[in-house]
Amino acid sequence: MQNILKSKIPVLILPLFLFSSEINAMQSVPQHKIQIQNPNLFDENDDIVLVDENGKKISLSELKGKVVFINFWATWCRPCVEEMPTLNRLKNKFKGNDDIIFVFLNVEANLTKAMKFMKDKNYDLPVYVAGDNIPSKYFQGAIPTTLIFNKKGELEAQIQGGRDFDQPQIYEALKKLTEQ
């Protein structure tokens, strides 16, 4: 009986994910988790500080006015590595669009290793490390995790687990956010 329930649960969960919102419709594998946050809960204590390869710090709050796509990843994380080609293609679709920023936050906190990985794989993805603690409401340690913030700095989606970012629904949802 337990085997029957185990096999039917993902089938029952998938429709709930697909119909709950536009971002949830991107869900292709039911065991991955997408949480839509209440966008009015952001406060200054929830800011994320990012450090780029030159040591320049920028905070999430400074990026208001742009859609911010943050992907938490590591070079040793197989699902992270598997989704990278689709992330690279997604970012390239927005080339020249100044209304969206892509951030690839390396949880290993090793910019040299992360940049070498990107170069070796021929990816054009901007790598950062955290300049401070990441608020747990955004990152609970599961990688990959992707956060999407709207132009007001409000969290639109928190996606845990690897996925195929080549799906047209993902591009259209992000494009819509950039046009708002």
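According to mature numbering (1 follows the signal peptide of the UniProt record, and there is no 0), the sequence shown holds residues -25 to -1, 1 to 155 in order. For every residue, glycine included, the Cβ atom is placed at its ideal position computed from N, Cα and C. Just so you know, these numbers come straight off a predicted model, no measurement behind them.
Below 6 Å CB to CB, which residues in the same chain sit around residue i once its five sequence neighbours on both sides are set aside?
i	result
Thr121	Asn46 and Ile134
Pro110	Asp21
Leu65	Phe140
Ile123	Phe44, Glu131 and Ala132
Ser34	Asp22 and Val24
Lys96	none
Gln6	Residue placement at Gln6 cannot be trusted, given a pLDDT of 36 that sits under 50; what the coordinates show is reported in the next sentence. Hits under 6 Å: none found.
Asn108	none
Please report the distance separating the alpha-carbon of residue i from that of residue j.
i	j	result
Leu148	Ala132	The amino acid at residue 148 is misidentified as Leu; the sequence shows Ala. The alpha-carbon atoms of Ala148 and Ala132 are separated by roughly 11 Å.
Phe114	Asp21	11 Å
Lys126	Lys88	31 Å
Lys150	Ser36	21 Å
Gly116	Gly30	24 Å
Lys70	Val78	14 Å
Cys52	Gln155	34 Å
For residue i versus residue j, is the C-beta spacing smaller than 7 Å?
i	j	result
Pro119	Pro60	no
Glu58	Gly137	yes
Leu130	Tyr103	no
Leu86	Met93	no
Lys39	Gly128	yes
Ala49	Glu83	yes
Can you name, in chain order, every residue of its own chain whose Cβ lies under 8 Å from the Cβ of residue i, other than the five neighbours on each side?
i	result
Lys68	Tyr146
Met90	Glu28 and Val102
Asn13	Annotation note: pLDDT 44 at Asn13 (below 50); position unreliable, coordinate value reported separately. Within the same chain, Asn13 has no close Cβ partners at all.
Using a Cβ-Cβ cut-off of 7 Å (strictly less than) and excluding sequence neighbours within five positions of residue i, which residues of its own chain qualify?
i	result
Thr153	Val42, Asn72, Asp74 and Ile75
Val26	Lys32, Tyr103, Val104 and Gly106
Tyr98	Met59 and Asn63
Pro143	none
Lys112	Asp21
Just list the residues that DSSP pairs residue i with in beta bridges.
i	result
Ile145	Partner(s): none; Ile145 has no beta bridge.
Ser34	Val24
Val124	Looking at the sequence provided, one finds Phe at residue 124 rather than Val. Looking at the DSSP assignment, Phe124 forms a beta bridge with Val43 and Leu130.
Ala105	Leu25
Gln155	Answer is none; Gln155 lacks a bridge partner.
Closer than 6 Å to a non-hydrogen atom of the ligand COA - does that hold for the CB of residue i?
i	result
Asp99	Ligands in the displayed structure: none, and consequently the ligand COA is not present.
Ignoring anything shorter than 3 residues or poking outside the stretch 45 to 83, list the beta strand (DSSP E) runs there in chain order.
-> 75 to 81
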